[in-house]
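Visitor:
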Ligand SMILES: Nc1ncnc2c1ncn2[C@@H]1O[C@H](COP(=O)(O)OP(=O)(O)OP(=O)(O)O)[C@@H](O)[C@H]1O
Ligand SMILES: [Mg+2]
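In full-length UniProt numbering, the protein residues as written are 1 to 248.
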């Protein structure tokens, strides 16, 4: 297998917060175009794992490669890696004093030095894509949570990432808005973007994921393609977890 077939490679990654061993020998490879869902109990290290992938968190041992580039402490390298990786969080983190369109062109014009006209064209393209172009001139607090999260996804797409990381993107939304965000994510998945998504939306995992990963206590305990993962869990810990979440 050629090296670049893996967009993400975590090899024996260990991380501590002080004395607390938060990631234990995490090995995770994600191929180009693959869609991976990560689930597991609260505190198991899911957010920490994906935050390490764009170096929002440092780690002490092991190796992470993104699109063939090793994540080191070198700031230039971190910046380079981040141009490949977009991240969507539970909270949308839009600037409240800027319009939707201004939120989307901020980074491309300031950081990316893109001409304003070009940045606007790109922003409008992705706002169309998340079906929200008609809201471009509104401010974030004039939009519903689901709409704001779709804006956050569009903002991410404006930097044309190869990889999208999602950390519980629907967890803060009212139930009736979850579907519209998952629909947008499903479309992105269909377009072939490499995707790693922490979520407990098991319907989404079944429909979209190529592989589901279960983490517990800082370790990857089990992984499988979705049907086997849900219908035939191997470890007692995953069996218990599935019973708990499927009960709700
Ligand atoms: N900055 C930090 N300093 C110290 N401990 C931390 C820090 N961030 C997270 N932790 C601890 O590390 C563990 C893993 O946290 P993480 O946020 O990765 O879990 P998670 O699986 O995403 O949980 P959740 O489902 O609640 O989001 C938790 O026990 C958490 O308390
Ligand atoms: Mg988390």
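C-beta: ideal position from N, C-alpha, C; glycine also.
I'd like to confirm the pairing. Which residues does DSSP put opposite residue 6 in its beta bridges?
Guide: For the purposes of this step, residue 6 is taken as residue 6 along the chain shown, with counting starting at 1. The partner list for residue 6 (beta bridge, DSSP) reads 31.
Visitor: Within 7 Å: the Cβ of residue 44 and any heavy atom of ligand 1?
Guide: As a working note, residue 44 is residue 44 in the chain shown. Answer for residue 44: yes, Cβ within range of ligand 1.
Visitor: Under the criterion of a Cβ to heavy atom distance below 7 Å, does residue 201 qualify as lining ligand 2?
Guide: Taking the first residue of the chain shown as position 1, residue 201 is located at position 201. Every heavy atom of ligand 2 is 7 Å or more from the Cβ of residue 201, so no.
Visitor: Measuring only the C-alpha atoms, how far is residue 107 from residue 243?
Guide: The count along the chain shown starts at 1 and reaches residue 107 at position 107. The count along the chain shown starts at 1 and reaches residue 243 at position 243. Distance between the alpha carbons of residue 107 and residue 243 is about 43 Å.
Visitor: Look up residue 252 in the DSSP assignment and give the residues it is bridged to.
Guide: Lying before the first or after the last residue shown, residue 252 is absent from the chain, which here runs from 1 to 248.
Visitor: Write down the C-beta distance between residue 104 and residue 123 rounded to the nearest angstrom, noting that I regard them as a contact closer than 8 Å.
Guide: Along the chain shown, one-based indexing puts residue 104 at 104. Along the chain shown, one-based indexing puts residue 123 at 123. Going by Cβ atoms, the distance from residue 104 to residue 123 rounds to 4 Å, so yes, they are a contact pair.
Visitor: Can you find the residues in the same chain that come closer than 7 Å, C-beta to C-beta, to residue 221, ignoring five residues on each side of it along the sequence?
Guide: By one-based count along the chain shown, residue 221 stands at place 221. Taken in chain order, the residues that qualify are 214, 215, 235, 237 and 238.
Visitor: Quick check on the burial criterion: 16 or more other C-beta atoms within 10 angstroms. Buried or exposed for residue 2?
Guide: Locating residue 2 in the chain shown gives position 2, where the first residue counts as 1. The predicted position of residue 2 is uncertain, since its pLDDT is 48 and thus under 50; a value taken from the coordinates is nonetheless stated next. Flag for residue 2 reads exposed.
Visitor: Tell me the rounded alpha-carbon separation between residue 43 and residue 166.
Guide: Counting from 1 along the chain shown, the entry for residue 43 is found at position 43. Counting from 1 along the chain shown, the entry for residue 166 is found at position 166. So the two alpha carbons sit approximately 17 Å from each other.
Visitor: Shortest alpha-carbon distance to residue 57 belongs to which of 32, 189, 171 and 78?
Guide: As a first step, residue 57 must be located in the chain shown, where it is residue number 57. It is 78 whose Cα lies nearest to the Cα of residue 57.
Visitor: Can you have a look at residue 5 and say buried or exposed, based on whether 16 or more other CB atoms are within 10 angstroms of its CB?
Guide: Walking along the chain shown from the start, residue 5 turns up at place 5. With fewer than 16 other Cβ atoms within 10 Å, it is exposed.
Visitor: By DSSP, does residue 181 sit in helix, in strand, or in coil?
Guide: Residue 181 sits at position 181 when you count from the first residue of the chain shown. Residue 181: helix per DSSP, three-state reduction.
Visitor: So, with DSSP's three-state summary, where would you put residue 194?
Guide: Within the chain shown, residue 194 is the residue found at index 194, counting from 1. For residue 194, the secondary structure class from DSSP, reduced to helix, strand or coil, is strand.
Visitor: Whole angstroms is fine: what's the gap from residue 63's alpha carbon to residue 185's?
Guide: The residue labelled residue 63 in the question sits at position 63 within the chain shown. The residue labelled residue 185 in the question sits at position 185 within the chain shown. Roughly 29 Å between the two C-alpha positions.
Visitor: Quick one: what's got a C-beta closer than 7 Å to residue 115's C-beta in the same chain, skipping five residues either side?
Guide: To locate residue 115, count along the chain shown from 1; it is residue 115. Nothing meets the Cβ criterion.
Visitor: Leaving out five residues on either side along the sequence, give the residues of the same chain with a beta carbon under 7 Å from the beta carbon of residue 41.
Guide: The residue labelled residue 41 in the question sits at position 41 within the chain shown. Spatial neighbours of residue 41 in its own chain (CB-CB distance under 7 Å, excluding positions within 5 residues in sequence) are listed in chain order as 216 and 241.
Visitor: Below 7 Å, is the gap between the Cβ of residue 159 and the nearest heavy atom of ligand 1?
Guide: For the purposes of this step, residue 159 is taken as residue 159 along the chain shown, with counting starting at 1. No, Cβ of residue 159 sits at least 7 Å from all heavy atoms of ligand 1.
Visitor: For residue 249, which of helix, strand or coil comes out of DSSP?
Guide: Outside the modelled stretch of the chain, which goes from 1 to 248, sits residue 249, for which no answer is possible.
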